[in-house]
Amino acid sequence: MLSNQEKREIILVYGESGRSLQFTTRVLQERFLQVRYSLKKVRKIIRLFEDTSSVVKPKRVYFPVRHNDALVHVVRNAVEEDPSVSTRIIVRQHNISKSSVQRILKSNKFHPYKISTMDATSRPSKRQLIFMHDGVPLHFARRVRRHLDRHLPERWIGRGGSLHWPARSPDLTPCDFFLWGVVKEKVYKTAPTTVDDMKDRIRAAFAEITPEILIRVKRSFRDRLLLCLQAIGNAFEH
């Protein structure tokens with residue numbers, strides 16, 4: 012475990028090295044042979060400093076749950092909004108202890124959400140599935156199209172297929188309406204200095220996408236489906 016002084020040294024070297032994680036790790040390993048620095052450990056300390064302006068992890072403050080109707084209401088709302096939400100996400104989002112969340116869920120007769128695998132899907136449902144892929148040259152190969160026609164007749168979307176891409180599909184694709192824009196904004200907040208710096212920024216941008224953010228993206232996706240239906244398939248983003 013690193014001491015607070017060793018953690019502060021990471022921040023100083025990170026600034027000196029032009030905010031390059033890999034270069035920072037290499038310099039630290041050369042300067043302090045007695046301390047074992049890894050890229051993962053360095054990234055964790057820098058992220059902590061960027062989030063809290065400190066190298067010391069703040070202590071989580073939990074609220075007592077006994078006779079607290081407000082917390083019960085918060086937990087119930089979280090589950091009712093998203094029945095698949097995990098206890099871990101509720102703990103992180105609302106700063107309530109895990110044991111308190113579990114007691115509230117148990118007292119309200121909520122049960123853990125269990126994911127059904129494809130093997131558990133009934134055969135009639137499988138026949139209703141439609142496969143969609145993009146139009147890269149490999150996907151347009153005759154061999155690929157013949158395979159799809161044989162195994163998914165009239166049930167695949169792509170170049171050369173019988174089904175066309177849905178109208179306005181980028182408006183309904185989370186990668187288009189959310190992911191790429193968010194990552195680009197974070198990566199180019201300031202101009203990257205090196206290739207390694209660019210790679211570090213991309214990794215860091217993806218690491219900042221939390222389960223809570225993905226829940227909001229899922230809600231946005233549902234809302235966009237309704238907007239698309241209301242617009243009868245026409246453009247609904249302005």
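When the sequence shown is numbered by this note's numbering, its final residue is 249 and no position is left out of the sequence of numbers.
C-beta: ideal position from N, C-alpha, C; glycine also.
The region 62-69 makes no contact with the region 88-98; the number of CB pairs closer than 8 Å stays below 3. By the Cβ-count criterion, residue 20 is buried, with 16 or more other Cβ atoms from all chains shown falling within 10 Å of its own Cβ. Taking every protein chain shown into account, the CB of residue 198 has 16 or more other CB atoms within 10 angstroms, so this residue is buried. Look at the region 37-96 and you find no whole run of beta strand (DSSP E) that is 3 residues long or longer. Put simply, the backbone Cα of residue 219 is about 24 Å away from that of residue 94. Separation of the CB atoms of residue 183 and residue 233 is rounded to 10 Å, and the pair is thereby denied contact status at 8 Å. As a beta-bridge residue in DSSP terms, residue 143 pairs with 168.
Residue nearest to residue 163 within the set 140, 225, 150 is 140 (criterion: CA-CA distance). Annotated as distal: residue 170 and residue 142, with beta-carbon spacing of 8 Å or more. In the assembly as shown, residue 217 is an exposed residue. Its beta-carbon has fewer than 16 other beta-carbons within 10 Å. Exclusion of the five residues before and after residue 208 leaves 31 as the residues of its chain whose Cβ lies within less than 6 Å of its Cβ. In the three-state scheme derived from DSSP, where H, G and I count as helix and E and B as strand, residue 174 is classed as strand. For residue 46, same chain residues with a beta-carbon under 8 Å away, outside a window of 5 residues either side, are 13, 17, 39 in chain order. In the displayed model, residue 25 falls within a helix according to three-state DSSP. When the five nearest sequence neighbours on each side are left out, the beta carbons in the same chain lying within less than 6 Å of the beta carbon of residue 115 are those of 83, 86, in order along the chain. A direct Cα-Cα distance of roughly 12 Å separates residue 103 from residue 96. When C-alpha distances from residue 48 are compared across 228, 37, 57, the shortest belongs to 37. In the structure shown, the three-state DSSP call for residue 30 is coil. Assigned with DSSP and collapsed to three states, residue 216 falls in helix.
Non-local C-beta neighbours of residue 112 in its own chain, meaning closer than 7 Å and more than five positions away in sequence, comprise 86, 98, 101, 102, ordered along the chain.
Looking at 44, 15, 42, 41, the one whose alpha-carbon comes closest to that of residue 57 is 15. Between residue 172 and residue 190, the beta carbon gap of about 25 Å keeps them out of contact (Cβ cut-off 8 Å). Annotation for residue 14: no alpha helix (DSSP H) segment contains it, and DSSP assigns it neither H nor E. With fewer than 16 neighbouring CB atoms inside 10 Å of its own CB, residue 186 falls in the exposed class.
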